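Sequence positions in the sequence shown follow the working numbering and run 19 to 156.
Virtual Cβ for every residue (Gly too), placed ideally from N, Cα, C.
This one's a predicted model, so the numbers in the text were calculated from it and none came from an experiment.
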Amino acid sequence: AVLVPGGANLAAAKALPPILASGAEAWGAVGTLPLFGCRALRKPLDDEPGALVTPLFLSHEDAREALAAAAGTDDPASRGLLLEACALSSLAEQLVAGRVDGPFLFVPSRRAARFCAELQSGGSTAAVPPTGSRAGGA
Numbered sequence: 019a020v021l022v023p024g025g026a027n028l029a030a031a032k033a034l035p036p037i038l039a040s041g042a043e044a045w046g047a048v049g050t051l052p053l054f055g056c057r058a059l060r061k062p063l064d065d066e067p068g069a070l071v072t073p074l075f076l077s078h079e080d081a082r083e084a085l086a087a088a089a090g091t092d093d094p095a096s097r098g099l100l101l102e103a104c105a106l107s108s109l110a111e112q113l114v115a116g117r118v119d120g121p122f123l124f125v126p127s128r129r130a131a132r133f134c135a136e137l138q139s140g141g142s143t144a145a146v147p148p149t150g151s152r153a154g155g156a
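As structure tokens, this is what we get:
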């Protein structure tokens, strides 16, 4: 399977500062999937009381909305919350090398979650909130 980012997500990723200290990403490379997040944003896990993760979104729009909700304003930067981007491949390399701390929660786009829910239900349009897969750390 190949994950192909939308043009709007690639354009947004190019305009944002990098999450990782390694710096610039090769956003035009085939298979480069952008992830969006904020290093200061943490989310509690439902199944592990007290555990916090950094959510990384596959959708720029979903990440922007989550950051605005967390900040309680349409201007999260005014609260010191900055949206950043990294490539999934770069994050994976950094995790394997032990150069970045987790844990992270990978959050699929709402569109993808809705599509999967519709497939599971045989075509129903019921919306399902996105869930994620954790990586890095414990």
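- With fewer than 16 other beta carbons inside 10 angstroms of its own, T91 counts as exposed.
- Burial check for P52: the Cβ neighbour count within 10 Å reaches 16 or more, so the residue is buried.
- Here T72 is bridged, per DSSP, to F122.
- Take G68, set aside five residues on each side of it, and no residue of its chain has a beta-carbon closer than 7 angstroms to its own.
- Per DSSP, reduced to three states, the secondary structure at A105 is strand.
- Only residues of its own chain outside the window of five on either side were considered, and among them D92, P94 have a CB closer than 6 angstroms to the CB of A86, listed in chain order.
- Sixteen is the threshold: when 16 or more other Cβ atoms of the shown chains lie within 10 Å of the Cβ of A84, as they do, the residue is buried.
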